[in-house]
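Everything below concerns the one structure shown next.
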Amino acid sequence: MNMGWGTMARMARSIQPHGQDDDVHHALTVLGNTVRAAIIHELGSGPVLGPELAKRLDLPSGTLSPQLLVLREAEVIHCEAQSGHGRPILHTLNTRKLEEIGDLAGAYLGLKIAGT
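Mapping to this note's numbering: the sequence shown position 108 is 115, numbers consecutive.
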């Protein structure tokens, strides 16, 4: 089953242990980064423009942009250019996809997820 993870081309290649399902591997790779976790946390409160997100996380755009790309390619976030100077990008959390990833990761780790 391929869940449409995209290429994740800019992300360092991670080692996939023998027997680990591709979808589980991608889910754990997406979630296994502190910057991406912080982005998901911030977007949990609602959509945020890119410059505001960088300010909230106190991270330069060069650090933030590749992580946003990974999340966008994994369909965890939606990105939409806004009108105005510099065409800022509005980032929105895709909670349905995040739940899918959480379920995959939780099942692989043997965790009982609340509500399941």
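For glycine and all other residues, C-beta sits at the position ideal for the given N, C-alpha and C.
How about residue i and residue j: are their beta carbons less than 8 Å apart?
i           : j          : result
residue 64  : residue 49 : yes
residue 108 : residue 60 : no
residue 101 : residue 83 : yes
residue 74  : residue 40 : yes
Which partner residues of residue i appear in the DSSP bridge assignment?
i          : result
residue 99 : 85
Between residue i and residue j, which are expected to be in contact by the criterion C-beta below 8 Å, what is the C-beta distance as a whole number of angstroms?
i          : j           : result
residue 21 : residue 36  : 5 Å
residue 34 : residue 111 : 4 Å
At least three beta-carbon pairs within less than 8 Å, the stretch 26-45 to the stretch 84-104: No contact exists between the stretch 26-45 and the stretch 84-104.
With a floor of 3 residues, list each beta strand (DSSP E) that falls wholly inside the stretch 18-91, ordered by position along the chain. Runs of the beta strand (DSSP E) inside the stretch 18-91: 84-88.
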